[in-house]
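Protein chains in written order, with my numbering: chain R, 2 to 115; chain Z, 1275 to 1390. Idealized CB from N, CA, C, for every residue including glycine. Given the structure is predicted, the values throughout are model-derived calculations rather than measurements. A short worksheet on the structure shown next.
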Amino acid sequence: DAGVIQSPRHEVTEMGQEVTLRCKPISGHNSLFWYRQTMMRGLELLIYFNNNVPIDDSGMPEDRFSAKMPNASFSTLKIQPSEPRDSAVYFCASRSGARGEKLFFGSGTQLSVL
Amino acid sequence: AQTVTQSQPEMSVQEAETVTLSCTYDTSESDYYLFWYKQPPSRQMILVIRQEAYKQQNATENRFSVNFQKAAKSFSLKISDSQLGDAAMYFCAYKRGSSNTGKLIFGQGTTLQVKP
């Protein structure tokens, strides 16, 4: 298995533009997580899905952020409009249904909003 | 709400020596899991070790072991015979065990430097 695949690896955009981050979880995993990592706030959970259904989106900072999981093999995190303070590394992670099973992380998307 | 605290922003160790990274957490749950993740400069998050709260025995993975003190809510990571490749940021994480959809809550991380 190729692991959790995220794209793009790097994204540079201008303030006000729409940004879409993509994630393909590991096949067979039924939970998917989006995390954001910054120096100031560390790793924050933005949202997670179970069986394609959003379970907890309390970490989504603002209405400018939205996430979808149209099927078991694909998820997107969209920021519209983007702002410089959104600059961070965004990680996607997936996990099978077992209780204590570890999270498998993608390589992250480094987002820079100028 | 559960919280995870890593009080050491940076640590350093001499190659081949032993180092211990600290982690404390706060929870009212009795069923949970604790993890240590490693993040090297490549940015990839790698699971180092996992501990089930109901197990009294400390988890061990080769050179990595934990000291799990449930009453004190402490979960430290010991790295023995440190290697240059151990240099990374290390994150302690907590997951409530009562639900298989539970989220992972991370500490702020500790940057480990290994000196040759």
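Looking at the DSSP output, residue 43 of chain R bridges to R:39. Taken in chain order, the complete beta strand (DSSP E) segments of 3 or more residues contained in the stretch 7-86 of chain R are 11-14, 20-25, 32-39, 43-51, 54-57, 66-72 and 75-80. Under the DSSP assignment, residue 1385 of chain Z falls in the beta strand (DSSP E) whose first and last residues are 1384-1389. For residue 5 of chain R, there is no enclosing beta strand (DSSP E), since its DSSP letter is neither H nor E.
What residue 1380 of chain Z touches in chain R, judged by beta-carbon distance under 7 Å, is 43 and 44, going in chain order. Residue 40 of chain R sits exposed, since fewer than 16 C-beta atoms from the chains shown fall within 10 Å of its C-beta.
The stretch 1282-1292 of chain Z and the stretch 43-63 of chain R do not touch, with fewer than 3 CB-CB distances between them shorter than 8 Å. Annotation: residue 1328 of chain Z is outside any beta strand (DSSP E) and is labelled neither H nor E by DSSP. Under a 10 Å Cβ-count criterion, residue 72 of chain R is classified as exposed, with fewer than 16 other Cβ atoms of the shown protein chains found around its own Cβ.
With respect to the 8 Å criterion, residue 1369 of chain Z and residue 1328 of chain Z are not classified as neighbours on the basis of their beta carbons.
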